[in-house]
Amino acid sequence: MPGLDGVDAVLLDLDGVVYVEDELLPGAREAVEALRAARKGMRFVTNTTARSHGSTLEKLRGIGIELDSEELITPAALARRHCAAAGHRRVALIMNDDVKADFADLEEADDRVDAVIMGDLGEQFGFAILNRAFRLVMEGAELVALQKNRFWLTADGLSLDAGPFVAAVEYATGFEAYVVGKPSPAFFELVLADLAARPAAAAMVGDDIETDIGGALDAGLAAVLVRTGKYRAEFVARSGIEPTATIDSIADLPRLLGL
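Under this note's numbering, the first residue of the sequence shown is numbered 1, with each subsequent residue one higher.
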């Protein structure tokens, strides 16, 4: 199992680790500052598909986290790369208008599309939208999921994420989605290449035992689980996944890394 000795690159999940909705979690700003002071390579990595890259960047800066645009990695970057490699130009975008801004270089259409790209629509998900996605995939479009998280933590409790809706289209069509967000190995490869870091010298910090922790371990990184956000002890026990380390919150990360 990867260890924490010699970690020189850190991947930080956002929702549930750095913040919950619009609230910065205690100690998050100080932890980021400690990582910067120690000259650790750092990327903020998220499966959040409710906001565009630009809106997420603005949110982080608005709650007191200073970062450059290239330090924020969202699934949209990998989805665009996949579409370019596959020759997809005409696509259906199942996501909110803000996130559609990340796909401005593709042609959005309602029929005869090369791919159906699914993100998060929250309460706007319904029969008509899912049925349209179903029909397009049945007509030959590739199903591309920005992420497939089961649930996330909102201000009023755990809520369904995009994953169950992607799974509905998969089940109905019989086709498996190409998932670009965590825990996709390609997502971790993209981030590590961006950092010029080896997996053995990198650590992922997250609150999701499957996508953050399991995905990182499978990609050869160390994985630090925080007991904030969507963390639940029963989910961890049921997963059978062993984090490299578990801490109460991101505030404990500098001490864990010996900073």
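For each residue, glycine too, the CB sits at the ideal point set by N, CA and C.
Check                                                                                                                                                                          : Outcome
Across the stretch 226-233 and the stretch 185-202, are there enough close Cβ pairs to call them in contact, namely three or more that are closer than 8 Å?                    : no
For residue 157, list the residues DSSP reports as bridge partners.                                                                                                            : 154
For residue 247, which residues in the same chain have their Cβ closer than 8 Å to its Cβ, ignoring the five residues on either side in sequence?                              : 224, 225, 226, 227, 253 and 256
Which value, in whole angstroms, describes the spacing of the CA atoms of residue 209 and residue 161?                                                                         : 15 Å
Could you give the distance in angstroms between the alpha-carbon of residue 96 and the alpha-carbon of residue 35?                                                            : 33 Å
What is the DSSP secondary structure of residue 48, counted as helix, strand or coil?                                                                                          : coil
So for residue 74, helix, strand or coil by DSSP?                                                                                                                              : coil
Where does the unbroken beta strand (DSSP E) through residue 246 begin, and where does it stop?                                                                                : 245-247
Return the first residue and the last residue of the beta strand (DSSP E) that residue 224 is part of.                                                                         : 222-226
Contact defined as beta carbons within less than 8 Å: I believe residue 222 pairs with residue 188. What is the distance between those atoms, to the nearest angstrom?         : The Cβ separation is near 12 Å, so there is no contact.
Given that a residue counts as buried once 16 or more other Cβ atoms are within 10 Å of its Cβ, and exposed if not, what is residue 43?                                        : buried
If you compare alpha carbons, which of 30, 40 and 26 is closest to residue 204?                                                                                                : 40
Can you give me the C-alpha to C-alpha distance between residue 103 and residue 52, rounded to a whole angstrom?                                                               : 10 Å
If we ignore side chains and look at the alpha-carbon of each, how far apart do residue 115 and residue 88 end up?                                                             : 7 Å
Check whether the Cβ atoms of residue 163 and residue 150 sit closer than 8 Å, and answer yes or no.                                                                           : yes
Which residue comes first and which comes last in the alpha helix (DSSP H) that contains residue 166?                                                                          : 163-173
Applying the 10 Å Cβ sphere with the 16-neighbour rule, what's the burial state of residue 165?                                                                                : buried
DSSP on residue 241, reduced to helix/strand/coil?                                                                                                                             : coil
For residue 129, report the span of its beta strand (DSSP E) as first-last.                                                                                                    : Counting along the chain, residue 129 falls outside any beta strand (DSSP E), though it belongs to the alpha helix (DSSP H) covering 127-138.
Let's see if you can read the secondary structure: which residues bound the alpha helix (DSSP H) around residue 61?                                                            : 53-62
Using the DSSP secondary-structure output, state which residues sit across from residue 19 in a beta bridge.                                                                   : 15 and 24
What would DSSP say about residue 234, mapped onto helix, strand or coil?                                                                                                      : helix
Cutting at 7 Å between CB atoms, please list the residues of its own chain near residue 82, excluding the five before and the five after it.                                   : 144, 178 and 180
For the candidate residues 57, 25 and 132, whose alpha-carbon lies nearest to that of residue 262?                                                                             : The question about residue 262 has no answer, for the chain in this structure spans 1 to 259.
Hey, how far is the Cα of residue 211 from the Cα of residue 242?                                                                                                              : 13 Å
Excluding the 5 residues preceding and the 5 following residue 22 in the sequence, name in chain order all residues of the same chain whose CB lies nearer than 8 Å to its CB. : 59 and 63
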